[in-house]
Amino acid sequence: MDAIRQIGSLTLESDKKKSSIHCLTIVGQVEGHMILPPQNKTTKYEHVMPQLAAIEESDEIDGLLILLNTVGGDVEAGLAIAELIAGMKKPTVSLVLGGGHSIGVPLAVSAQKSFIAPTASMTVHPVRLSGTVIGVPQTMTYFEKIQDRIVDFVVENSHVSAEDFRKLMMKIGELTTDVGSVVYGKDAVDIGLIDSLGSLSDALECLHAMIDEEKGRETDAAHHHSGGSDLHQ
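According to the numbering used here, the sequence shown is numbered sequentially starting from 357.
And the structure:
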């Protein structure tokens, strides 16, 4: 319970399934280098990043379930977390609940399998910059480069095309005070952004199946290795 209270994470033990799953929640706003006001619900990247490294290294954890309900937040902090998840060898499954907006999109697709609840939505829009903006061509080039990084990551880790994703990003008229699109559960699956429509039980079932498959591969490799050494002797 302390782990849930402090950093919103918990390791789920299942004797029946003989596997252990770590549940990581990414909620509220992804906090970057600036500390947000105390009334904001935040996910702090300095908490999440070492957790991911520990999960990947742990022999006691078989897979990772990421529960997402985020409004977005710091682009580079979000991308850093997404890159770590995408680089994990352990089975990973994400589930978008409520919303997976803005930088939540790369976070959702970073897992090996992604699910979205039928009532959940995802907002895709161009990068914003707060604070002082210098009116020089280099600023626009910087913006474009950040957007390219996000588009490249999403396209590489999902089934959506770069053209379709950029169209969603630059759509005019759907958001009253912004440029971009809101994509709901089924639509996110239809365009290839998310793998499947589903709920918690679907995500867990998929993750357990992936863990069983991974364990099967490890067992086969161990048998093959021991057989090879016997022949050598």
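Glycine is no exception: its CB is placed at the ideal position from the N, C-alpha and C atoms.
- Here the C-alpha atom of isoleucine 377 lies approximately 20 Å from the C-alpha atom of serine 552.
- Here proline 482 is not near glutamine 468, since their CB atoms are 8 Å or more apart.
- Counted as a single uninterrupted DSSP element, the alpha helix (DSSP H) harbouring valine 461 occupies residues 460–465.
- Distances from the alpha-carbon of proline 462 to those of Asp508, Glu574, Thr475, Ser414 put Asp508 closest.
- By the C-beta density criterion, valine 465 is buried, having at least 16 other C-beta atoms within 10 angstroms.
- Here the C-alpha atom of threonine 575 lies approximately 15 Å from the C-alpha atom of lysine 374.
- Residue burial is scored here from C-beta neighbours: glutamate 500 has fewer than 16 other C-beta atoms within 10 angstroms and is therefore classed as exposed.
- Counting every other CB atom within 10 Å of its CB across the protein chains shown gives alanine 578 a total below 16, marking it as exposed.
- For leucine 392, the secondary structure class from DSSP, reduced to helix, strand or coil, is coil.
- Glutamine 385 has Thr398, Gly428 as its beta-bridge partners, per DSSP.
- By the C-beta density criterion, histidine 564 is buried, having at least 16 other C-beta atoms within 10 angstroms.
- Annotated three-state conformation of glycine 455 is strand, per DSSP.
- Runs of the alpha helix (DSSP H) spanning 4 or more residues and lying entirely within the segment 504–586 occur at 518–526, 541–546, in chain order.
- Taking C-beta atoms as the reference points, leucine 423 and threonine 381 count as a pair closer than 8 Å.
- With a cutoff of 8 Å on beta-carbon distance, alanine 433 and tyrosine 401 are scored as near each other.
- Bounds of the beta strand (DSSP E) holding methionine 478 are 477–480.
- For aspartate 534, the closest of Gly541, Met525, Lys542 by C-alpha to C-alpha distance is Met525.
- Taking C-beta separations shorter than 7 Å and ignoring five residues to either side along the sequence, the partners of serine 555 in its chain run Ala473, following chain order.
- Burial is judged here by how many other beta carbons sit within 10 angstroms of a residue's own beta carbon; asparagine 396 has fewer than 16 and is exposed.
- In this structure, threonine 399 and glycine 384 form a Cβ contact; the two beta carbons are roughly 6 Å apart against a cut-off of 8 Å.
- In this structure, the alpha-carbon of alanine 410 lies about 13 Å from that of leucine 366.
- Collapsing the DSSP output to three states places threonine 367 in a strand.
- Assigned with DSSP and collapsed to three states, leucine 435 falls in helix.
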